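Student:
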Amino acid sequence: MSDGQFDSYIEAVKKECPDADSETIAAAFLKYQDDFKIPPQDSMRSIIRSLNSSKSVPSARSGGSSSSSSSQPKATKKVERLNELKADDKEIEIEVEIISHNMREQTIRGEQKQIAFGLLEDNPWAENGDKNRWDYKDWAPSPNLAPGSIVRLEGVSVNEYQGKMSLNINQSSRVVVIREGTRTVVAPGEAQDIASLPTDGYVCVVGRVLSSREDQIHKKDGSGSIDIVRGRLADESGIIGFLSWEPFGHEVGTLIKIDGAQIRTFRDTPELNFGRTTKVELFHDKNFSDAETLSKQTVLTVSELRDGARDVDTVVQITEWSKRTFTKDGVEKYLWSGAIADPTGRCRMSAWEDLPIDVDSLPLTVRLKGVRVRAWQGIPDITVDTADQVEILDESPWDDDIDFSTHTVEVGLNELATGASRVGVTTEAIVVSVREDSGFIQRCTECRRVLRDGHCATHDANDGEADVRMRLVIDDGLASMSLLINKEGSLGLLAMTEEELSSEINSNGQLDFVQTLRSKMLGRNIRASGRTIVDEQGGMMLADSAEIIEEDAEMKATEIRAQWGVN
Amino acid sequence: MGGELMQAGPRAKRQPAWHMLASEFRDATLNEKGSGEFDPSFVITKLGAKVNRVIVAGLLERLEVRETANGSTLYQGQLRDPSGQHYFSVGDYASEAMRELTTTLIARIEVGEPELVLMVAKARWYQTEEGAVYTSLRPEEACIIDGKTYANWITRACQGTIERMNAFSASLDLEPTEQAYSASESIPANLVEGLVTSRNHYGEIDLEQYKLNIMQALDIAEGKMSSATKPVPVAIVSASEEGDDTAEGSDLEECILSLIRQLDQGDGVDFEAVLSNANARGFSRPDSEAMLDELSEKGIVHEPKFGWFKIVE
Numbered sequence: 054m055s056d057g058q059f060d061s062y063i064e065a066v067k068k069e070c071p072d073a074d075s076e077t078i079a080a081a082f083l084k085y086q087d088d089f090k091i092p093p094q095d096s097m098r099s100i101i102r103s104l105n106s107s108k109s110v111p112s113a114r115s116g117g118s119s120s121s122s123s124s125q126p127k128a129t130k131k132v133e134r135l136n137e138l139k140a141d142d143k144e145i146e147i148e149v150e151i152i153s154h155n156m157r158e159q160t161i162r163g164e165q166k167q168i169a170f171g172l173l174e175d176n177p178w179a180e181n182g183d184k185n186r187w188d189y190k191d192w193a194p195s196p197n198l199a200p201g202s203i204v205r206l207e208g209v210s211v212n213e214y215q216g217k218m219s220l221n222i223n224q225s226s227r228v229v230v231i232r233e234g235t236r237t238v239v240a241p242g243e244a245q246d247i248a249s250l251p252t253d254g255y256v257c258v259v260g261r262v263l264s265s266r267e268d269q270i271h272k273k274d275g276s277g278s279i280d281i282v283r284g285r286l287a288d289e290s291g292i293i294g295f296l297s298w299e300p301f302g303h304e305v306g307t308l309i310k311i312d313g314a315q316i317r318t319f320r321d322t323p324e325l326n327f328g329r330t331t332k333v334e335l336f337h338d339k340n341f342s343d344a345e346t347l348s349k350q351t352v353l354t355v356s357e358l359r360d361g362a363r364d365v366d367t368v369v370q371i372t373e374w375s376k377r378t379f380t381k382d383g384v385e386k387y388l389w390s391g392a393i394a395d396p397t398g399r400c401r402m403s404a405w406e407d408l409p410i411d412v413d414s415l416p417l418t419v420r421l422k423g424v425r426v427r428a429w430q431g432i433p434d435i436t437v438d439t440a441d442q443v444e445i446l447d448e449s450p451w452d453d454d455i456d457f458s459t460h461t462v463e464v465g466l467n468e469l470a471t472g473a474s475r476v477g478v479t480t481e482a483i484v485v486s487v488r489e490d491s492g493f494i495q496r497c498t499e500c501r502r503v504l505r506d507g508h509c510a511t512h513d514a515n516d517g518e519a520d521v522r523m524r525l526v527i528d529d530g531l532a533s534m535s536l537l538i539n540k541e542g543s544l545g546l547l548a549m550t551e552e553e554l555s556s557e558i559n560s561n562g563q564l565d566f567v568q569t570l571r572s573k574m575l576g577r578n579i580r581a582s583g584r585t586i587v588d589e590q591g592g593m594m595l596a597d598s599a600e601i602i603e604e605d606a607e608m609k610a611t612e613i614r615a616q617w618g619v620n
Numbered sequence: 009m010g011g012e013l014m015q016a017g018p019r020a021k022r023q024p025a026w027h028m029l030a031s032e033f034r035d036a037t038l039n040e041k042g043s044g045e046f047d048p049s050f051v052i053t054k055l056g057a058k059v060n061r062v063i064v065a066g067l068l069e070r071l072e073v074r075e076t077a078n079g080s081t082l083y084q085g086q087l088r089d090p091s092g093q094h095y096f097s098v099g100d101y102a103s104e105a106m107r108e109l110t111t112t113l114i115a116r117i118e119v120g121e122p123e124l125v126l127m128v129a130k131a132r133w134y135q136t137e138e139g140a141v142y143t144s145l146r147p148e149e150a151c152i153i154d155g156k157t158y159a160n161w162i163t164r165a166c167q168g169t170i171e172r173m174n175a176f177s178a179s180l181d182l183e184p185t186e187q188a189y190s191a192s193e194s195i196p197a198n199l200v201e202g203l204v205t206s207r208n209h210y211g212e213i214d215l216e217q218y219k220l221n222i223m224q225a226l227d228i229a230e231g232k233m234s235s236a237t238k239p240v241p242v243a244i245v246s247a248s249e250e251g252d253d254t255a256e257g258s259d260l261e262e263c264i265l266s267l268i269r270q271l272d273q274g275d276g277v278d279f280e281a282v283l284s285n286a287n288a289r290g291f292s293r294p295d296s297e298a299m300l301d302e303l304s305e306k307g308i309v310h311e312p313k314f315g316w317f318k319i320v321e
């Protein structure tokens, strides 16, 4: 049966195990090869071992060398807190978080030099707790310093000037990034595209003013108000809102260069802040697009809507629309709300005024102008404040046959995990974990939260309602996300009815059930559809359907070989 | 159950899993650990993967229980894929399901029943007194798989390795800095950091072995088992026949084998003892270390536990 293909291997095995017969050995090699895809050179050891399995390996002594950390002696003063430092300390090692980072040119001994300066903070790993901030100067600007990053500074020294202490990072100092910051350092005067701006820090931007209006901020303590200017600025890559704390006289359409503007992020929407140290000057570039062209970019797709965005223009289809009344402070009020969609996804919309929408003629395509976006449980919700922000279109700019109530958009997991929350998305990734609480759960009868030991965090003990869900972790090699599949999706994925599932778990036990799931899913490609919620804790997909993708390894291997081009 | 809550410390984001062949993981000698309590630690491979977690698969080649000094139980095992083997351990810290699976697998291996196993595991490493670094795995979740799932895993591991090799090759023409690598279109963003570290640490590396591993692994995934079959390693034969070895390494080989034979009192001989004794006989430590690797690969000596060597009987 083996056609002699394993002969030389059988010989080799027989040298080790003279008592074994050739047929048995050949059958073993064949089994490894055909059932397990293990070639003979790799299965030989296992075969020898199993034939010799009576000779057991002596049990080794316990112990084993503990990993020894090699620390070389050095005259370093290693501290955790800034207040442990004295004015004449040198060669200090400390871990800090970089709070701000700015560049400036300075003439030192007749030579123009760039130096970086800003604020840093000690105790970077404590979530809250007490932290001290010091100024620092980096005399040979390290590319590793970025706001939000946590770094270990080695070989830095204290500088005391008029009783105020700061840290000097010198030419010979070492900066080790322990946690990446949110932006890379850009030299001053080098403009960045608006679309690629970081979410905080100081930046330089060249853009055209699209809008500008005076506004006031009222101090919360009632002590008065501050005059500000709000507006929008655009380049060919995108549009960003700005807020100027200083007088801002540039008219709509003016092309300006802003250096040293600070980015602050309101909800999920970044905004440029112009302050005392911000340089705003006219900029000349004949090829820069005019305001009209640039303002077309304000048209956002559903996938681009971010919590906190203002002055948004968009074209969407309204698929559901209904009126809700409620009483606030004894006054009856109403609110319209419903579901909207475009080819990039689905979300919600609310309006505080009656809109010229006939509920019976839905779906309707509308153009929305200057609306704002809030997010509710991660789902963007467009707020329409006045009816004149809505224009009903005769036809939609996309294919009429798209059924938005079922339409989903393919999005890569990494994009989902790093982007905003989305509705109506489908993704594919590898299952890397099947959580032990997959299967039946009890939900609170009040709030549908999962009960722990029969208790709800807010509604205390209750009987609960049985539900089915699966909790997995999926991973595309770049990012991972929790995947929660609802009852319908779970039963579909398992190809089981609720009764079948219940009887399987009852007869085999929860642990065994989960282990069976792992055998079916771990390391396999899964495709799931639903919505996502992304916050600082990470991403989560709530799926209503999921399936394991069947793959053809032979074809894929041939394809990989062809693409690789090495033979 | 509460696992996720416990992990949700400050800024603890789950690290992605790399599909990786054993040879790349085994060759890694570099690690990185932030100083914060919740900082992940990484093993950095020669190809620039910054590995905290992997998905690996292969033939379960060995799995044994070890009683440790403090009375806890530690299972140690080896998982073989087409490129080599992974060492892994399952301790009391592992989940109940993982420990239960381990005992099931031990029973299978004792009766000589082969099993293919896939595991999602954390990368571990340790360094011996003389600085030799060993990588190993701590599986978080694992399951028994069939040949088809194994073949699919192989294709993914090959694809990942090829991507890393391509990025590595592209990096050779660039200054090993994050700026230069980030600007290159041939280097994916998730490899930039690891490649900079790798290039600065490992220096020149030879991709040939990885290429051979991939070619063989792809043969297996394509079902071309005869192309994936290598000739019987001569070493096995010569080890039992004693000495018609020709290579210049044969003196060193003989020296190491006789050392292990002499010093073995049942538990095997520890790494340090082998190296220092070989050194006393005029063989350099790096040479002896390489020879030990070679002998392990050929199956002449084995490592019943990490850093302890025995001659295969």
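Quick mapping for you: the protein sequence lines, in order, are chains A and B.
Quick note on numbering: the first sequence equals residues 54 to 620 in this note's numbering.
Quick note on numbering: the second sequence equals residues 9 to 321 in this note's numbering.
A virtual CB, placed ideally from N, CA and C, is assigned to each residue, including glycine.
Quantities reported herein were computed from a predicted structural model and do not represent experimental measurements.
Could you tell me whether the Cβ atoms of Gly-274(B) and Trp-316(B) are closer together than 8 Å?
Tutor: Not a contact, by the Cβ cut-off of 8 Å.
Student: Any C-beta of chain A within less than 9 Å: which residues of the region 178-192 of chain B qualify?
Tutor: Listed in sequence order: Thr-185, Glu-186, Gln-187, Ser-190.
Student: On a CA-only basis, which of Gly-254(A), Val-437(A), Asp-382(A) is nearest Ser-403(A)? Give me that one, please.
Tutor: The candidate whose alpha carbon is nearest that of Ser-403(A) is Val-437(A).
Student: Where does Ala-599(A) fall in DSSP's three states?
Tutor: Ala-599(A): strand per DSSP, three-state reduction.
Student: Considering only the alpha carbon of each residue, which of Ile-279(A), Val-521(A), Arg-261(A) lies closest to Glu-345(A)?
Tutor: Ranking Ile-279(A), Val-521(A), Arg-261(A) by Cα distance to Glu-345(A) puts Arg-261(A) first.
Student: If you drop the 5 nearest sequence neighbours on each side, which residues of the same chain put their C-beta closer than 8 Å to that of Ser-375(A)?
Tutor: Contacts found: Trp-389, Ser-390, Gly-391, Val-412.
Student: In angstroms with no decimal places, state the Cα-to-Cα distance between Val-341(B) and Lys-41(B).
Tutor: Here chain B covers residues 9 to 321 and nothing more, so residue 341(B) does not appear.
Student: Please classify Gln-442(A) as buried or exposed, where buried requires at least 16 neighbouring CB atoms within 10 angstroms.
Tutor: Answer is buried; the Cβ neighbour count reaches 16.
Student: Taking beta-carbon pairs under 8 Å, can you tell me which members of the region 478-489 of chain A lie near chain B?
Tutor: Within the region 478-489 of chain A, the qualifying residues are Ile-483, Val-485, Ser-486, Val-487, Arg-488, Glu-489.
Student: Say whether the region 469-477 of chain A touches the region 579-593 of chain A, bearing in mind that this needs 3 or more beta-carbon pairs closer than 8 Å, one atom from each stretch.
Tutor: Because the criterion of three Cβ pairs below 8 Å is met, the region 469-477 of chain A and the region 579-593 of chain A touch.
Student: Taking Leu-575(A) as the query, report the chain B residues whose CB atoms sit under 7 Å from its CB, ordered along the chain.
Tutor: Correct list: Leu-126, Val-128, Glu-149, Cys-151.
Student: Applying the 10 Å Cβ sphere with the 16-neighbour rule, what's the burial state of Leu-446(A)?
Tutor: When all chains shown are included, Leu-446(A) counts as exposed.
Student: Which first and last residues belong to the beta strand (DSSP E) in which Ala-193(A) is found?
Tutor: It is not in any beta strand (DSSP E) - Ala-193(A) carries neither H nor E in the DSSP assignment.
Student: Tell me, which residues are paired with Glu-334(A) by DSSP?
Tutor: Per DSSP, Lys-310(A).
Student: Shorter than 8 Å from the beta carbon of Asp-175(A) to some beta carbon of chain B?
Tutor: Judged by the 8 Å Cβ criterion, Asp-175(A) is not in contact with chain B.
Student: Label Ala-197(B) either buried or exposed according to how many other C-beta atoms from any shown protein chain fall within 10 Å of its C-beta, with 16 as the threshold for buried.
Tutor: With fewer than 16 Cβ atoms within 10 Å of its Cβ, Ala-197(B) is classed as exposed.
Student: Alpha carbon to alpha carbon, how far is Asn-287(B) from Leu-260(B)?
Tutor: The straight-line gap from Cα to Cα measures roughly 10 Å.
Student: Determine, using beta carbons only, whether Met-574(A) and Val-484(A) come nearer to each other than 8 Å.
Tutor: Cβ atoms of Met-574(A) and Val-484(A): closer than 8 Å.
Student: When the distance is taken between beta carbons, is Leu-325(A) closer than 8 Å to Val-258(A)?
Tutor: Yes; because the gap between Cβ atoms is below 8 Å, this pair is in contact.
Student: Between the region 419-438 of chain A and the region 491-500 of chain A, can you find at least three pairs of beta-carbon atoms closer than 8 Å?
Tutor: No, the region 491-500 of chain A does not touch the region 419-438 of chain A.
Student: Taking the runs of the beta strand (DSSP E) that are 3 residues or longer, which of them lie wholly in the region 537-594 of chain A?
Tutor: Those beta strand (DSSP E) runs which fall completely within the region 537-594 of chain A and span 3+ residues are 578-588.
Student: Closest Cβ-Cβ distance between Gly-202(B) and chain A: below 8 Å?
Tutor: No, Gly-202(B) lies away from the interface with chain A (no Cβ there is under 8 Å from its Cβ).
Student: Where are the beta strand (DSSP E) runs, 3 residues long or more, that stay fully inside the region 198-227 of chain A, in chain order?
Tutor: Complete beta strand (DSSP E) runs here, min 3: 203-214, 217-222.
Student: Exposed or buried, Ile-432(A), counting other C-beta atoms within 10 Å across all chains shown (16 or more means buried)?
Tutor: It is buried - the Cβ of Ile-432(A) has at least 16 other Cβ atoms within 10 Å.
Student: Along chain A, in chain order, which residues have C-beta atoms closer than 7 Å to that of Gly-307(B)?
Tutor: Simply Arg-98.
Student: Looking at the secondary structure, which residues open and close the alpha helix (DSSP H) in which Ser-75(A) lies?
Tutor: Taken as a continuous stretch (DSSP letters only), the alpha helix (DSSP H) holding Ser-75(A) covers 75-89.
Student: Using C-beta distances below 7 Å, list every residue in its chain close to Glu-604(A), excluding the 5 sequence neighbours before and after it, in chain order.
Tutor: Cβ within range, chain order: Asn-578.
Student: DSSP puts Met-28(B) in a beta bridge; with which residues?
Tutor: None, per the DSSP bridge assignment.
Student: Closest to Leu-220(A) by C-alpha separation, out of Asn-197(A), Ile-147(A), Gly-201(A), would be which residue?
Tutor: The shortest C-alpha separation from Leu-220(A) is found at Ile-147(A).
Student: Suppose only complete runs of 4+ residues qualify. What are the alpha helix (DSSP H) ranges in the region 453-515 of chain A, listed by chain order?
Tutor: As far as the region 453-515 of chain A is concerned, its whole alpha helix (DSSP H) runs of at least 4 residues are 466-471.
Student: Check for me: the alpha helix (DSSP H) holding His-209(B) runs from which residue to which?
Tutor: Counting along the chain, the alpha helix (DSSP H) containing His-209(B) begins and ends at 197-210.
Student: Looking at Leu-504(A): is its Cβ nearer than 8 Å to the Cβ of Ala-482(A)?
Tutor: No, they are not a contact pair.
Student: For the alpha helix (DSSP H) holding Gln-370(A), just list the boundary residues, first then last.
Tutor: From DSSP, Gln-370(A) is part of no alpha helix (DSSP H) but of the beta strand (DSSP E) over 365-371.
Student: Buried or exposed: Arg-522(A), going by 16 or more other Cβ atoms within 10 Å of its Cβ?
Tutor: It counts as buried.
Student: Rounded to a whole number of angstroms, what is the C-alpha to C-alpha distance between Glu-302(B) and Ser-296(B)?
Tutor: The straight-line gap from Cα to Cα measures roughly 10 Å.
Student: CB-CB under 7 Å to Ser-297(A), same chain, minus the five flanking residues each way: which ones, in chain order?
Tutor: Hits under 7 Å: Ile-281, Val-282, Phe-327.
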